Amino acid sequence: MKFNLKFIIITLIVTLIIIPISFNVFFLWDSGLSRGETSDWFTLYGNIFGGLIGGFFTYLALVLTLNDQKESIKKEKRPRIDIPYQSINFIELTEGKLSFDPIIIELNNIGGSIAKNIECKLSLPNYDEVINTLEQNQKSLGIDLKVSKTAQLDDLKSIDNKENRTAHLITTGEKGKEKMSLGGIHESYSEEFIGTSIPLTLNHEAKIYYEINYNVSNWINYIVINRNYTYGHYNERELFNFKLDIKYYSDEYGEFYDSFILKWNFKGIVIDPSKVTYQYVLKSTKVNK
Numbered sequence: 004m005k006f007n008l009k010f011i012i013i014t015l016i017v018t019l020i021i022i023p024i025s026f027n028v029f030f031l032w033d034s035g036l037s038r039g040e041t042s043d044w045f046t047l048y049g050n051i052f053g054g055l056i057g058g059f060f061t062y063l064a065l066v067l068t069l070n071d072q073k074e075s076i077k078k079e080k081r082p083r084i085d086i087p088y089q090s091i092n093f094i095e096l097t098e099g100k101l102s103f104d105p106i107i108i109e110l111n112n113i114g115g116s117i118a119k120n121i122e123c124k125l126s127l128p129n130y131d132e133v134i135n136t137l138e139q140n141q142k143s144l145g146i147d148l149k150v151s152k153t154a155q156l157d158d159l160k161s162i163d164n165k166e167n168r169t170a171h172l173i174t175t176g177e178k179g180k181e182k183m184s185l186g187g188i189h190e191s192y193s194e195e196f197i198g199t200s201i202p203l204t205l206n207h208e209a210k211i212y213y214e215i216n217y218n219v220s221n222w223i224n225y226i227v228i229n230r231n232y233t234y235g236h237y238n239e240r241e242l243f244n245f246k247l248d249i250k251y252y253s254d255e256y257g258e259f260y261d262s263f264i265l266k267w268n269f270k271g272i273v274i275d276p277s278k279v280t281y282q283y284v285l286k287s288t289k290v291n292k
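When the letters of the sequence shown are read in order and numbered with the numbering used here, they come out as residues 4 to 292.
Below, the structure is given as structure tokens:
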């Protein structure tokens with residue numbers, strides 16, 4: 004689009020300024036070889052150049068229209084990954100035992116062609132905020148939080164790289180749960196291949212799923228079950244949000260990149276004799292690049 008605009012501006016300058024001035028200068032020069040009045044020749048060539056310029060702009064309009072149509076068809080037919088809002092329930096199990104289900108993100112291909120070689124890269128955009136909040140609330144959550152930095156032996160400078168920071172969470176057993184480690188988490192993770200997806204227009208059940216890193220799932224499950232839900236004490240900064248960078252490919256339309264921010268929204272608690280269910284909605288927002 005930028006190229007087309009630049010081309011049109013240059014064309015207008017040439018046709019409306021440079022050509023008329025050059026045309027006028029040319030006819031002011033008397034070679035002594037012409038027959039008839041100068042005005043006759045001026046009219047003749049003026050009609051010729053006018054027709055050529057008119058034809059050129061007609062051709063230009065046709066080319067731009069065809070390009071716009073191709074772009075519209077590409078937008079309609081290309082694969083397009085979307086992450087819908089998702090209801091996720093966290094269930095508190097038997098007293099004294101910790102067993103967590105993985106958090107799984109549903110991805111849908113809402114475009115018009117197959118999305119191949121889908122890769123997802125997970126990062127935690129509010130990593131610093133969550134770690135700082137958990138450090139302040141360790142006693143109330145019944146956790147022991149250890150924050151460290153790691154570095155490759157051949158590159159000690161990488162100790163300042165945020166992606167190498169690691170935080171480990173260990174439950175203290177003070178909230179009636181058994182003491183155990185929930186593992187270490189990082190601010191960013193490597194790309195993971197998750198497969199290929201056909202469009203929902205062809206099969207509405209053809210969904211593809213990305214499983215959040217095991218340790219991150221453990222952390223979130225534990226915090227959801229043990230955080231304070233009392234009005235005025237509920238702290239939204241205790242849960243990691245997700246950022247998913249998604250790369251996928253189309254045989255016909257090439258490679259695509261999309262990014263989504265996913266944030267938690269607490270909905271309520273359902274209590275029955277056998278379990279306690281904590282209901283959340285994971286809301287997704289596409290990041291404009």
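Cβ atoms here follow ideal geometry from the backbone N, Cα and C, with glycine treated the same way. Quick caveat, the model's predicted, so the values are computed rather than measured.
Residue i by DSSP, collapsed to three states: which one?
i	result
A209	coil
S143	helix
R240	helix
G176	coil
V290	coil
L69	helix
E194	coil
S220	helix
I13	helix
F93	strand
N229	helix
For residue i and residue j, what's the separation of their Cα atoms in angstroms?
i	j	result
K246	F103	22 Å
K270	Y62	58 Å
Y232	S116	45 Å
Y130	G187	13 Å
A170	F263	24 Å
V290	D261	7 Å
K73	T204	21 Å
E194	G235	39 Å
Give me the DSSP bridge partner(s) of residue i.
i	result
I188	A170
A118	S200
N268	V284
K149	H171
Report, in whole angstroms, the separation of the C-beta atoms of residue i and residue j, which I expect to be a contact under 8 Å.
i	j	result
I84	L110	6 Å
Just mark residue i as buried or exposed, buried being the case when its beta carbon has 16 or more other beta carbons within 10 Å.
i	result
V273	exposed
N140	buried
A64	exposed
F243	buried
F196	exposed
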